[in-house]
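These notes concern the structure reproduced below.
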Amino acid sequence: MAAFILHFSDSPEHGYIFWDYGAAGKYHYDREKFAAEIGVQRMDAYMYTWEDEPEDVINARMDGILAGLKRYDTVFMQWPLPVVDQRWLQKLFSHTRAFGAYIVLIIDDMLTWRDQPVFPAPDTQKRETWLNNPSVQIEMNFIPQVDGIITHSTAMAEHLREQMAIKGREITDNIAIYGPGGNASTYFQPPRTLGHGVDYAGNLIYAKFLYELPQDFKINVYGASPDELDLAQHPNISLTPRVDPEAINQLLHGSFGLVWSSDSYPEATGVIADYMHYNSSAKLSMYLAADEPVIVWREASFAPFIEANHLGLVIDDLSQLPDTLAAVSEEDYHAMIARVQAMGPLIRNGFFLKKAMFDVLGKLYDQSQPK
1 MAAFILHFSD
11 SPEHGYIFWD
21 YGAAGKYHYD
31 REKFAAEIGV
41 QRMDAYMYTW
51 EDEPEDVINA
61 RMDGILAGLK
71 RYDTVFMQWP
81 LPVVDQRWLQ
91 KLFSHTRAFG
101 AYIVLIIDDM
111 LTWRDQPVFP
121 APDTQKRETW
131 LNNPSVQIEM
141 NFIPQVDGII
151 THSTAMAEHL
161 REQMAIKGRE
171 ITDNIAIYGP
181 GGNASTYFQP
191 PRTLGHGVDY
201 AGNLIYAKFL
211 YELPQDFKIN
221 VYGASPDELD
231 LAQHPNISLT
241 PRVDPEAINQ
251 LLHGSFGLVW
261 SSDSYPEATG
271 VIADYMHYNS
281 SAKLSMYLAA
291 DEPVIVWREA
301 SFAPFIEANH
311 LGLVIDDLSQ
321 LPDTLAAVSE
331 EDYHAMIARV
341 QAMGPLIRNG
351 FFLKKAMFDV
361 LGKLYDQSQP
371 K
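Residue numbers are given in full-length UniProt numbering: position 266 of the sequence shown equals residue 266, and the series is strictly consecutive.
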């Protein structure tokens, strides 16, 4: 039972797909790195567009990509897949199955949930329009075909079941949860101390609340694009333009890292806040990899993990934050730092993803044994 992870490239030049698209490229790279460390081999494919590609050509291409597969091997694929041509994807899935191999999706993101995490009510025009969305159709057509799934949270797995049930489809029971994920990095900075404000790093399109922060809210913002530099006019915002995702962990100098997506202040609002009920933000593993305690929304899927492991603060809305921070004593903070420093190596080495991969491989191995 060999295992492979599918890697896509989009250029003959040196580089990595999606590297300049938020954290997507780095996290694809990290997952492939972690997989290699447990013996999973890389399988290469190239992104291209050829709408009327002849049948014999696409079949030969699939044979080349999948050459060497044997019965009961496993191919891990990172979802969403960068290819959106349904014919190409079905060929990939069908040829993998023809070898007798398993397909396991590592579901990092559900793109349609970012726009509409709450599914439209049945028997409505909105439901019909939603079902005709090509991205929804790809999810509905391909996720039920796989043999195993790795997701961020149990809530995400259950929401997947609810989505597929809309079309009378089911997903596999071979599901593993990988929680906070990982962030491959080396970190040797001195221990953090209180009094250095709150860090917020990432795509600021999901951080409209920053424009409404009160004047006395001290925050260090990382990742501003040129058209977002007006944030620097806020008297208590320290602004750093976007840096390479490999470097950000070394630059974070606050006392806490904020994991928050919202259209407004102080509550977590908007569809991107709703999405946090299911998804685990890349910010979470980034802060933990930098040995930084976190501040998270109580309703986020990862809040129980933070509370259970004493890795930071859990709040209902941002208006609570000044008093909550003021109540943290030096002793409390040192205890948090000790817990975060114990968790950091697990995040930096991809422990939770590796465990989830072994978990789902174990389920598939049991499934392959004669009854």
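For every residue, glycine included, the Cβ atom is placed at its ideal position computed from N, Cα and C.
Is the separation between the beta-carbon of residue 108 and that of residue 137 shorter than 9 Å?
Going by C-beta atoms, residue 108 is not nearer than 9 Å to residue 137.
How should residue 71 be labelled, buried or exposed, when 16 other C-beta atoms within 10 angstroms of its C-beta is the threshold for buried?
So residue 71 counts as exposed.
With residue 191 and residue 285 assumed to form a contact (beta carbons below 8 Å), what rounded beta-carbon distance in angstroms separates them?
In fact, because the Cβ distance is near 19 Å, the residues do not count as touching under 8 Å.
Spell out the partners DSSP gives residue 103 in its beta bridges.
According to DSSP, which records beta bridges pairwise, residue 103 is partnered with 75.
Using 9 Å as the threshold, is the C-beta distance between residue 336 and residue 318 below it?
Not in contact: residue 336 and residue 318 (Cβ atoms no closer than 9 Å).
So, residue 243 versus residue 218, is the Cβ gap smaller than 9 Å?
In this structure, residue 218 does not lie closer than 9 Å to residue 243 by Cβ.
Using alpha carbons as the reference points, say which of 10, 14 and 23 lies closest to residue 280.
Measuring from the Cα of residue 280, the nearest candidate turns out to be 23.
Just mark residue 205 as buried or exposed, buried being the case when its beta carbon has 16 or more other beta carbons within 10 Å.
Result: exposed.
Rounding to the nearest angstrom, what Cα-Cα distance links residue 225 and residue 233 in this structure?
Approximately 15 Å between the Cα atoms of the pair.
Quick test of your reading: residue 363 and residue 236, contact by CB under 8 Å. State the CB separation rounded to the nearest angstrom.
No, residue 363 and residue 236 are not in contact; Cβ-Cβ is about 50 Å, not under 8 Å.
State the DSSP-derived secondary structure class of residue 25, mapped to helix, strand or coil.
Three-state result, residue 25: helix.
Consult DSSP for residue 146 and reduce its assignment to one of helix, strand or coil.
Residue 146: coil per DSSP, three-state reduction.
If you reduce the DSSP assignment to three classes, tell me which class residue 295 lands in.
If DSSP states are grouped into helix, strand and coil, residue 295 belongs with the strands.
Tell whether a beta-carbon distance below 9 Å holds between residue 32 and residue 354.
No, Cβ-Cβ distance for residue 32 and residue 354 is not below 9 Å.
Which residue or residues does DSSP assign as beta-bridge partners of residue 262?
DSSP output for residue 262 lists 207 as bridge partner(s).
Of the residues 93, 114 and 272, which one's Cα is nearest the Cα of residue 209?
Residue 209 has its Cα closest to that of 272, out of 93, 114 and 272.
I need the boundaries of the beta strand (DSSP E) containing residue 358, first residue and last residue.
No beta strand (DSSP E) holds residue 358; the alpha helix (DSSP H) holding it covers 351 to 368.
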